[in-house]
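In this text, residue positions in the first sequence follow the working numbering: the first is 12, and each later residue adds one. The structure appears below as structure tokens.
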Amino acid sequence: MIKVTFPDKTVKEFPKGITGLEIAKGISNRLAKEAVAVGVNGETYDLTRPINEDADFAIYKFNDEQGKDAFWHSSAHLMAEALETLYPGIKLWVGPSVDNGFYYDVDLPEGQVISEKDFPTIEKKMLELAQKKNEYVRKDMSKDEALKYYTEKDDEYKIDLISGLEDGTITFYKQGNFTDLCRGPHLPNTGYIKAMKIMSIAGAYWKGDEKNKQLTRVYGVSFPKQKLLSEYLVLLEEAKKRDHRKLGKELELFTFSSRVGQGLPLWLPKGAKLRERLENFLKKVQTEYGYEPVITPHIGQKELYVTSGHYAKYGADSFQPIKTPSDDEEFLLKPMNCPHHCEIFKAKPHSYKDLPIRYAEFGTVYRYEQSGELHGLTRVRGFTQDDAHIFCRPDQLKEEFIKVIDIVLYIFKTLDFENFTTQISLRHKTDRSKYIGSDENWEKAEQAIVESCEEKGLNTVIEYDEAAFYGPKLDFMVKDALGRSWQLGTIQVDYNLPERFELEYTGSDNEKHRPVMIHRAPFGSMERFVAVLIEHTAGKFPLWLTSEQAVILPISERFNDYANDVMKRLNLSDVRVTVDDRNEKIGKKIRDNELKRIPYMLIVGEKEVENKQLSVRKQGEGDVGIMTIEEFSKFINDRVAQELK
RNA sequence: GCCGAUGUAGCUCAGGGGUAGAGCGUUUCCUUGGUAAGGAAGAGGUCACGAGUUCAAUUCUCGUCAUCGGCUCCA
Numbered sequence: 012m013i014k015v016t017f018p019d020k021t022v023k024e025f026p027k028g029i030t031g032l033e034i035a036k037g038i039s040n041r042l043a044k045e046a047v048a049v050g051v052n053g054e055t056y057d058l059t060r061p062i063n064e065d066a067d068f069a070i071y072k073f074n075d076e077q078g079k080d081a082f083w084h085s086s087a088h089l090m091a092e093a094l095e096t097l098y099p100g101i102k103l104w105v106g107p108s109v110d111n112g113f114y115y116d117v118d119l120p121e122g123q124v125i126s127e128k129d130f131p132t133i134e135k136k137m138l139e140l141a142q143k144k145n146e147y148v149r150k151d152m153s154k155d156e157a158l159k160y161y162t163e164k165d166d167e168y169k170i171d172l173i174s175g176l177e178d179g180t181i182t183f184y185k186q187g188n189f190t191d192l193c194r195g196p197h198l199p200n201t202g203y204i205k206a207m208k209i210m211s212i213a214g215a216y217w218k219g220d221e222k223n224k225q226l227t228r229v230y231g232v233s234f235p236k237q238k239l240l241s242e243y244l245v246l247l248e249e250a251k252k253r254d255h256r257k258l259g260k261e262l263e264l265f266t267f268s269s270r271v272g273q274g275l276p277l278w279l280p281k282g283a284k285l286r287e288r289l290e291n292f293l294k295k296v297q298t299e300y301g302y303e304p305v306i307t308p309h310i311g312q313k314e315l316y317v318t319s320g321h322y323a324k325y326g327a328d329s330f331q332p333i334k335t336p337s338d339d340e341e342f343l344l345k346p347m348n349c350p351h352h353c354e355i356f357k358a359k360p361h362s363y364k365d366l367p368i369r370y371a372e373f374g375t376v377y378r379y380e381q382s383g384e385l386h387g388l389t390r391v392r393g394f395t396q397d398d399a400h401i402f403c404r405p406d407q408l409k410e411e412f413i414k415v416i417d418i419v420l421y422i423f424k425t426l427d428f429e430n431f432t433t434q435i436s437l438r439h440k441t442d443r444s445k446y447i448g449s450d451e452n453w454e455k456a457e458q459a460i461v462e463s464c465e466e467k468g469l470n471t472v473i474e475y476d477e478a479a480f481y482g483p484k485l486d487f488m489v490k491d492a493l494g495r496s497w498q499l500g501t502i503q504v505d506y507n508l509p510e511r512f513e514l515e516y517t518g519s520d521n522e523k524h525r526p527v528m529i530h531r532a533p534f535g536s537m538e539r540f541v542a543v544l545i546e547h548t549a550g551k552f553p554l555w556l557t558s559e560q561a562v563i564l565p566i567s568e569r570f571n572d573y574a575n576d577v578m579k580r581l582n583l584s585d586v587r588v589t590v591d592d593r594n595e596k597i598g599k600k601i602r603d604n605e606l607k608r609i610p611y612m613l614i615v616g617e618k619e620v621e622n623k624q625l626s627v628r629k630q631g632e633g634d635v636g637i638m639t640i641e642e643f644s645k646f647i648n649d650r651v652a653q654e655l656k
């Protein structure tokens with residue numbers, strides 16, 4: 012007998028070798044029906060895999076993360092089976108589950124391609140195979156046996172996979188006529204998969220290395236009920252409506268022009284006003300935190316970047332140097348602001364008493380991103396960083412680091428960004444070849460970051476091999492409407508540039524010392540931040556930030572004069588208002604302005620003129636009653652103050 | 001940069017070897033209407049760009065550019 016401990020800590024005894032499915036059946040038939048996998052001592056097991064020792068036990072349904080993993084992983088196998096049937100000679104690499112479904116990387120026979128037109132055929136074949144309710148059968152195999160199996164199939168991909176595995180840990184799963192090297196876990200049979208859709212195809216380099224052959228990656232998603240698939244597709248459509256590229260166009264915030272060049276955003280008046288307000292907001296915060304503004308040019312001599320080390324590292328893949336009429340002069344579009352700021356620091360001698368010095372600049376930079384990487388406002392070739400560089404003594408590093416974290420957290424709070432994650436990026440654990448700077452300095456910097464995060468109580472993930480080449484960093488990440496992760500705020504420690512630029516200050520001992528540098532950008536870049544802000548708010552910006560806080564809607568043209576008068580008075584008390592004086596009926600004006608996501612509508616007609624009042628309507632909610640002009644301006648200003656608290 | 005897809009009016013999209021259509025928007029006129037679309041008329045397109053095939057190309061083929069979904073990359 013074995014002891015099985017349930018999540019609620021109750022313990023039951025079962026015969027050794029019992030399966031998760033049998034345990035579930037013992038509890039209720041319904042549970043057994045909904046179960047897709049079980050957890051055994053933290054490992055996910057097939058429902059049909061015997062449990063042979065005492066276990067902490069959990070039953071996973073489709074809605075559980077582990078359940079989805081098993082379900083989609085099994086679906087990947089099902090899709091592979093369909094693909095093998097439809098494309099004889101196809102070779103398979105790997106097929107995991109991902110956040111929103113699953114994919115399989117395949118190598119198609121010479122000359123064959125899969126395109127969107129083929130999706131229905133694949134789906135149909137999958138459904139047909141699913142309905143056979145073929146069991147997923149687990150089988151252990153020795154390494155030799157496994158190698159032999161795939162050598163006979165002439166499958167270099169699986170042979171490569173197996174070569175990296177230890178003998179004794181190799182398992183295969185078979186369903187129907189399909190056998191695949193796999194760790195599992197899987198569903199009991201293919202009949203669990205009731206609804207599936209092939210979502211997209213993409214090229215994916217073998218083993219993620221662009222020097223390798225490109226395989227075809229087929230993405231799919233599947234569900235235990237048709238209804239869930241329909242709901243998921245509706246949800247996707249909804250998410251697409253929040254796409255900043257779509258809303259940016261609708262709300263007239265920004266645009267692109269192929270004539271100007273790809274990845275070079277053009278900010279329209281409304282977008283520019285929004286951005287300006289964001290910039291002013293941050294400038295105010297930064298002033299409170301002791302930052303000083305600086306302004307630097309958009310280009311710098313090539314020599315500047317040779318000094319900083321960036322030219323050696325990125326020069327070949329960047330916008331190429333700008334030549335001048337004289338032969339020996341070359342300038343680079345600035346890809347970052349730090350070298351310029353270093354030169355500002357060097358402009359005069361510094362005492363230890365002056366530190367920390369904090370130079371802030373909304374600095375526009377240009378980076379030659381690969382064309383396929385460009386993406387709306389989130390990945391562009393010309394963008395403005397809310398950049399600042401802090402030059403401090405080593406003993407001030409941690410304190411400064413923490414202050415920067417405070418700024419980022421304040422900004423995120425003010426803009427209702429709750430679902431962010433933080434990531435500490437450190438060096439590769441062993442391979443240090445790609446980093447510049449001494450080991451000792453790296454150690455110190457990494458330690459300062461980790462400690463700062465601990466003190467601030469941030470829930471951080473540590474990623475190795477993600478550090479910049481000059482130093483470790485802390486990034487604030489958020490997800491966009493479609494679940495893609497983007498880095499916003501960043502704080503980076505740099506011991507390298509002070510060295511390269513020979514920055515120094517005079518210490519209390521009257522000796523020269525090297526300052527530490529912190530790069531930081533709470534927004535990351537104005538472009539990316541606005542993009543993510545659009546998606547988070549679905550275009551309904553906070554009152555303090557939005558360009559038009561209210562619009563006045565005269566019932567008819569007879570009341571336009573009163574409306575204009577109200578606008579002037581509200582503008583004088585810092586409320587941003589416009590008048591919709593078009594010759595349209597009030598219902599039409601309301602509809603149009605609702606769609607423009609203007610927070611408040613002020614309806615004025617006969618009654619309002621007579622009583623010097625406004626009829627107030629809130630976007631998305633409807634009529635909220637009558638106010639005087641003074642009451643409304645106080646109402647708005649109070650709300651704005653509340654938001655910025 | 002790579003794999004796949006897309007490109008028709010300001011926007012969203014339909015169409016298709018014989019040089020184009022809808023809705024919204026815009027303009028003018030009528031209407032002066034009380035909480036999510038009042039009516040009429042008009043303007044607006046080298047069908048992304050360049051070649052090729054054809055009697056004829058916006059439609060088919062190829063190339064270029066841009067965009068979209070991924071991969072790689074992201075100082």
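Cβ atoms here follow ideal geometry from the backbone N, Cα and C, with glycine treated the same way.
I'd like to confirm the pairing. Which residues does DSSP put opposite residue i in its beta bridges?
{"i": "Pro-565", "result": "Val-615"}
{"i": "Leu-437", "result": "Tyr-475"}
{"i": "Gly-531", "result": "In the sequence under discussion, the amino acid at residue 531 is Arg, which differs from the Gly named in the question. DSSP lists Ala-399, Ile-502 as partners of Arg-531."}
{"i": "Arg-228", "result": "Asp-116, Ala-213"}
{"i": "His-657", "result": "The structure shown does not extend to residue 657, since the chain is modelled only from 12 to 656, so the question has no answer here."}
{"i": "Ala-48", "result": "Tyr-71"}
Who are the Cβ neighbours of residue i in its own chain at under 6 angstroms, not counting the five residues just before and after it?
{"i": "Val-391", "result": "Gly-274, Pro-276, Glu-538"}
{"i": "Asp-67", "result": "Thr-16, Asn-52"}
{"i": "Leu-258", "result": "Ile-545, Gly-550"}
{"i": "His-352", "result": "Tyr-370, His-400"}
{"i": "Ser-108", "result": "Asp-80, Trp-83, His-84"}
For the beta strand (DSSP E) containing residue i, name the first residue and the last one.
{"i": "Gln-624", "result": "624-629"}
{"i": "Gly-112", "result": "112-118"}
{"i": "Leu-240", "result": "Element bounds for Leu-240: not the beta strand (DSSP E) but the alpha helix (DSSP H), 237-252."}
{"i": "Gln-498", "result": "496-505"}
{"i": "Ser-211", "result": "206-216"}
{"i": "His-537", "result": "According to the sequence as given, residue 537 is Met; it is not His. Careful: Met-537 lies outside any beta strand (DSSP E), inside the alpha helix (DSSP H) at 537-548."}
{"i": "Leu-485", "result": "484-490"}
{"i": "Tyr-71", "result": "66-72"}
{"i": "Glu-127", "result": "Neither: Glu-127 is in no beta strand (DSSP E) and is coded neither H nor E."}
Looking at the secondary structure, which residues open and close the alpha helix (DSSP H) in which residue i lies?
{"i": "His-400", "result": "Counting along the chain, His-400 falls outside any alpha helix (DSSP H), though it belongs to the beta strand (DSSP E) covering 393-403."}
{"i": "Ile-368", "result": "Careful: Ile-368 lies outside any alpha helix (DSSP H), inside the beta strand (DSSP E) at 368-377."}
{"i": "Val-651", "result": "640-655"}
{"i": "Glu-45", "result": "40-45"}
With a CB to CB cut of under 7 angstroms and the five nearest residues on each side skipped, what residues in its chain are close to residue i?
{"i": "Leu-97", "result": "Thr-132, Ile-133, Lys-136"}
{"i": "Gly-301", "result": "Arg-369"}
{"i": "Phe-646", "result": "Met-638"}
{"i": "Glu-384", "result": "Arg-390"}
What residue from the options has the CA that sits closest to residue i's CA?
{"i": "Asp-129", "options": "Tyr-230, Ser-86, Pro-509, Leu-176", "result": "Tyr-230"}
{"i": "Gln-396", "options": "Gln-186, Arg-628, Pro-346", "result": "Pro-346"}
{"i": "Trp-83", "options": "Glu-263, Glu-156, Leu-198", "result": "Leu-198"}
{"i": "Thr-201", "options": "Phe-643, Asp-57, Arg-580", "result": "Asp-57"}
{"i": "His-361", "options": "Ser-382, Arg-404, Glu-372, Pro-280", "result": "Arg-404"}
{"i": "Phe-189", "options": "Lys-159, Glu-121, Thr-557, Ala-93", "result": "Ala-93"}
{"i": "Glu-454", "options": "Leu-469, Arg-438, Lys-467", "result": "Arg-438"}
{"i": "Pro-120", "options": "Leu-226, Ala-323, Ile-306", "result": "Leu-226"}
{"i": "Leu-262", "options": "Phe-487, Glu-605, Glu-621", "result": "Glu-605"}
{"i": "Leu-388", "options": "Gly-195, Val-541, Val-577, Met-210", "result": "Val-541"}
{"i": "Glu-380", "options": "Glu-410, Lys-357, Ile-416, Asp-328", "result": "Asp-328"}
{"i": "Ile-204", "options": "Cys-193, Leu-239, Thr-180", "result": "Leu-239"}
{"i": "Leu-192", "options": "Ile-209, Ile-170, Leu-508, Ala-213", "result": "Ile-170"}
{"i": "Ala-532", "options": "Ile-209, Lys-44, Glu-617, Lys-294", "result": "Lys-294"}
If you drop the 5 nearest sequence neighbours on each side, which residues of the same chain put their C-beta closer than 8 angstroms to that of residue i?
{"i": "Met-488", "result": "Phe-431, Thr-432, Thr-433, Gln-434, Ser-496, Trp-497, Gln-498, Leu-499"}
Inter-stretch contact at 8 angstroms, needing at least 3 Cβ pairs: the region 130-148 / the region 103-111: no
Between the region 56-66 and the region 28-41, do three or more beta carbon pairs fall short of 8 angstroms? yes
Would the region 582-596 count as touching the region 533-551 if we require 3 or more Cβ pairs under 8 angstroms? no
Tell me whether the region 169-178 and the region 73-92 touch, counting them as touching only if at least three CB pairs, one residue from each stretch, are closer than 8 angstroms. no
Would you call the region 549-563 and the region 511-518 touching, i.e. three or more CB-CB distances under 8 angstroms? no
Counting Cβ pairs, one atom from each stretch, are 3 or more of them under 8 angstroms apart for the region 332-351 and the region 309-323? yes
Can you find at least 3 beta carbon pairs, one from the region 404-422 and one from the region 457-464, that sit closer than 8 angstroms? yes
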